[in-house]
Structure formats: C-alpha cells, structure tokens
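Since the structure comes first, as structure tokens, the remarks are kept for the end.
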Amino acid sequence: MSSRIPKGLSRTVKEQLIQRVLERRVQRMEDYGRPASKKPAAPATGDAIDERFWRFDQHPVYQQMQLLREGAAKLGISDPYFRVHEGVAGATVRIAGRLYSNFSSYNYLGYCGDPRVNAAALREIEASGTSVSASRVVSGERGIHRRLERALAQAYGAEDCVAFVSGHATNVSTLAQLFGPRDLVIHDAYAHNSVVVGAQLSGAKRLPFPHGDLGSLDEILSTQRRHFERVVVVVEGLYGMDGDFPDLPELVRLRRKHKVFLMVDEAHSFGTMGPRGLGIRDHFGLAADDVDIWMGTLSKSLASCGGFVAGTRALVEQLKFQSHGFLYSVGMPPPVAAAALAALQLLHAEPERPTRLQANARLFLELAQAAGIDTGPSRGVALVPAITGSSIRAARIAQALFERGVSVHPIVYPAVAENAARLRFFLSADHGEEQVRSAVETLATAWHEA
Ligand code: PMP
630 MSSRIPKGLS RTVKEQLIQR VLERRVQRME DYGRPASKKP AAPATGDAID
680 ERFWRFDQHP VYQQMQLLRE GAAKLGISDP YFRVHEGVAG ATVRIAGRLY
730 SNFSSYNYLG YCGDPRVNAA ALREIEASGT SVSASRVVSG ERGIHRRLER
780 ALAQAYGAED CVAFVSGHAT NVSTLAQLFG PRDLVIHDAY AHNSVVVGAQ
830 LSGAKRLPFP HGDLGSLDEI LSTQRRHFER VVVVVEGLYG MDGDFPDLPE
880 LVRLRRKHKV FLMVDEAHSF GTMGPRGLGI RDHFGLAADD VDIWMGTLSK
930 SLASCGGFVA GTRALVEQLK FQSHGFLYSV GMPPPVAAAA LAALQLLHAE
980 PERPTRLQAN ARLFLELAQA AGIDTGPSRG VALVPAITGS SIRAARIAQA
1030 LFERGVSVHP IVYPAVAENA ARLRFFLSAD HGEEQVRSAV ETLATAWHEA
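Residue numbers 630 to 1079, in our numbering, belong to the letters of the sequence shown in order.
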C-alpha cells in the first residue's frame, strides 16, 4: 500500500494527523448489520461497480487501520498486538525469550497454570476426550457440564445455571433470546460490546444510560417503562475498562420499583469481589434472587473459557432449549469445563486469593494516584486504568514500559473514546508487593516522560 503520510513531517504534525484520523468517527459497531437507510451508492451492475464494494483491501475500515499502523510506525511505536506469549501468563510472562512483569492478563487468581487445575483438565481429557462432538441438547451432554453448572448455581445460591462455550456468546445469545421488538434493553453506557450486540440482535430498543448514574436510570425508567413490555437493565459487576462498580443495592431497588429485569455481567467481578471472591453479590451481601440474570465468564478468575447464566430454573431452561448460541453450538469441551470447576473449587478453599488480589489492586491504585496518574473512577479491586487522554500517548507509554520489562496493554480508540485512551493494569493474587511497587514506579517515570 502506498504511503499516505508524507515524509519529512515533524513529529508533532504527524501526531496531529493521526489524531485527526482517530477523531473521525469510524463506522461505529452499532451501525454494522443495520439495513442501509438510503439506497446503496454503487451502480447496480457491471464494471462500474466501485472497487470498495467488492475488495476487502479497499474497505474503508481496513484502509483506516493501515493508515494508523503506518502512522504509528513512523512515530517509532511498535505494534503491540498479537505478540506471542510463551507459556502461562501469570504474574510474569515470557515474550520472545524475555521475562516480563505481567499486568496484561486477567488471570486474576493465578489459577491458569495451577498444577491442580491442569491435572483436573487432563483427567477429564482421559475420561471424555477433547470435544463432545455435538450440541448438548442432542448427544453432547457430559457429566462434567452438569457438575460445573451445579457448582456455579450453588456459588450464587441460584436455582440453576447454564454454561456456554464463550462469554461473548453468552451475552449475545441470552439477550437476543429473551427480548424482542416490544422490549427495551437499557444498559450502562460502558457496557461490554457483547451486551450491545446482544441487544441489537434481539430487535429490542436499546438505550444506554450515563455510566454509573442511577439517578438518570431512574428518570429514564420513569418515563420509558410504560412504552414497553419487558425491560432489562444491564450492568457490569466490575467495569472491565474502568475498575469501578455499580451501586447494586440501589439497582435492586429500581428493579422492584419499575418492575424490570436486572442483569449483571460478572466477567470481571466473579472471583475478584467480596470477602469470599463470589462477586458483587458477595461484596454487597445480597440475595441470589435480587438479580434476575447473573451472567459471568469462565475465562478470567476461573482460568478457562466460556460463559454462564445463573438464575431461576425457568430462565435456565428457556436458554438451554431456545438460545441460539447454546442450542446450535457444540457443548463445552470436557477439559475446559473441568478446569473451570477445579478453579471454582479452589476459590472456595482459598478465600485468601481474592483477598490478596484486592490488596494488590488497592496498593496499585494508591501508589498510582500518589504519583499523579489519572486512574479514572477505579475502586482498586482487580484492575486499574491509567488514562492517558490520547491513543498515541497510551501506545507510547505502553512501549516505554515494555522496553523496561513491564507488559501492559494500551486500550485505544475505538475500544474507548479517543480522549479516554488508557493503559489497563490487571492485578493478580500472585503479584508480589515489590512487583506492584516497582511497576507503578516504572509507570510514573514513563508517564511523566511521555
Ligand atoms: N463481558 C465482559 C464485561 C467482558 O469484559 C468480556 C471479555 N473480556 C466478556 C463479557 C466476554 O467474555 P469472554 O472473553 O470470556 O468471551
């Protein structure tokens, strides 16, 4: 591809140029898959059809990616994506032969790589192989699926639970199945992409409310509730980009007041919050049935892959028989289910792990704030952002840290708004105090240099 960033520009001009590209709104995720409101711009037939409409290398999103890549290279920023990590990503990780202090993996409790979890997965491979070779509803059901689901339901005090092969698919399939065109999905503005996509696919009206602003949510519900049949409010137990959490008792009150469903995505909060690490419910001491849909992932604290929904028998049964991501997808591989179950059992036996994780995150937050780093609304539970204010600055600081032996990822536009670009530090129960202190010192130096 020919270079579109002219040579000989000063660094500042190049930065401004890239900044402008970033600020231009790329086709937003929400617009994908929507029927075009106007007629397509392309002539209908023949050689005259524009190359953009039949070549992926001419696709505007791809072209913009190339432009940004090229710009970053010209600014001396190396590509941080798809780096091969060797072995287990724990408190440290090896990349291209060098050992790094690792803050870029959500192995919160250190159970990925734990020999006891590995052994459970290996035993299950010996027992049932590596695939169940069918959807569970037909011939893919195995004992390990039910053992895992029962254990998850028990951890919530819920009637039942269903496990999906992907966390992302759990949100998409659950929302798309349960809600429809006469319904409303109202979610925190910082909700994960899987919630947005699930809501879109459902055909329900989708409304975001300002992040964490339950007063606004109450107002919206007061005016909007009556226009819809079912209404679901979706929040995260711990926000994966910001490290803060909602006032769940207040949400429970609003749920009762407005007669809506409440769904909590515990991807980052299960295993990390509460005295027993059992999530935001454990943190606030709430009852299982205060929330209608407890959704979680197995890919973080539980050292595996997949997602789950815990709730009433009626909810779980409906999802098992009707939700597309469950019904039309293969059952979870036995070793994957076994690893998650082993990690959950270890969590029950080792409540000191979430306690250590919480202490590490609190220490990181306090030190970072003392060093003048913008940590946004983080409450210092499992992850702490360092908000740099621009994608270029985020990439630059991440690179400086990488060169100094700390692995942390920049989160740039469009994953977050351009002025909210950041580094995201995931803490682990396995980080040592010295490791946390040294990482924040390195961050502070790079932060003030950039
Ligand atoms: N929900 C949230 C809040 C997440 O952060 C993620 C991914 N990190 C998911 C759902 C999807 O989970 P998974 O990566 O396990 O598919």
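Beta carbons are placed, not taken as given, at the ideal position from N, Cα and C, and that holds for glycine.
Since this is a predicted model, take the numbers as computed values, not measurements.
Item, Value
"7 angstroms Cβ cutoff met for L927 and A896", "no"
"G827 beta carbon near the ligand ZN (any heavy atom closer than 6 angstroms)", "As for the ligand ZN, it is missing from this structure, which binds only the ligand PMP."
"Length of the line joining the Cα atoms of I815 and L751", "42 angstroms"
"Contact between the stretch 764-775 and the stretch 987-1005 (3+ Cβ pairs under 8 angstroms)", "no"
"Local conformation of D660 per DSSP, three classes", "Note that D660 has pLDDT 41, beneath the 50 cutoff, so the model's placement of it is unreliable and no number is given."
"For F1055, the residue or residues it bridges with in DSSP", "L1012"
"Any 3 or more C-beta pairs closer than 8 angstroms across the stretch 1064-1072 and the stretch 741-751", "no"
"Opposing strand residues paired with N731 [DSSP bridges]", "S1036"
"Integer-rounded CB distance, given that F993 should sit under 8 angstroms from G1009", "7 angstroms"
"N-terminal and C-terminal residue of the alpha helix (DSSP H) that I815 is part of", "That residue, I815, is in no alpha helix (DSSP H); its beta strand (DSSP E) goes L813 to D817."
"Whole runs of the beta strand (DSSP E) within the stretch 715-787, excluding any shorter than 3 residues", "721-724 and 727-731"
"Cα-Cα separation, D873 to L986", "15 angstroms"
"T1017, buried or exposed, once every other Cβ within 10 Å from all chains shown has been counted against 16", "buried"
"Per DSSP, cross-strand counterpart(s) of K834", "L813"
"Cβ-heavy atom distance, S928 to the ligand PMP, below 6 angstroms", "yes"
"M902 - DSSP class collapsed to helix/strand/coil", "coil"
"Nearest-angstrom Cβ-Cβ length linking A820 and E865, presumed shorter than 8 angstroms", "7 angstroms"
"Beta-carbon contacts of F955 that lie in its chain and below 7 angstroms, excluding the five residues immediately before and after", "V791, F793, S802, L948 and K949"
"For D708, the first and last residue of its enclosing beta strand (DSSP E)", "Looking at the DSSP string, D708 is not in any beta strand (DSSP E), and its letter there is neither H nor E."
"CA-to-CA distance, G1034 to D812, given in whole angstroms", "50 angstroms"
"Given 8 angstroms, three or more beta-carbon pairs between the stretch 819-834 and the stretch 971-991", "no"
"Residue nearest to N1048 in terms of C-alpha spacing, selected from V1037, D1059, Q1028 and S1020", "S1020"
"C-beta contact flag for V1065 and F732 at 7 angstroms", "no"
"Buried or exposed (CB count within 10 angstroms, at least 16 for buried), K886", "exposed"
"Residues of its chain near F913, where Cβ-Cβ distance is below 7 angstroms and the 5 sequence neighbours each way are ignored", "L877 and P878"
"DSSP beta-bridge partners of T926", "G936"
"Sequence-distant residues of the same chain with beta carbon closer than 7 angstroms to S707, five excluded per side", "Q1028"
"Rounded C-alpha distance that separates A787 from G940", "5 angstroms"
"Where the alpha helix (DSSP H) containing V577 begins and where it ends", "Residue 577 is absent from the model: the chain starts at 630 and stops at 1079."
"Span of the alpha helix (DSSP H) around D847", "L843 to Q853"
"Where F793 sits in the DSSP three-state scheme", "strand"
"Inter-residue CB distance, P980 and R905 (contact presumed, cutoff 8 angstroms)", "5 angstroms"
"Contacting residues, own chain, Cβ-Cβ under 8 angstroms from G719 (five flanking each side not counted)", "N731, S734, N736, G739, C741, G742, S1057 and D1059"
"Buried versus exposed, by CB contacts within 10 Å (16 or more), L728", "exposed"
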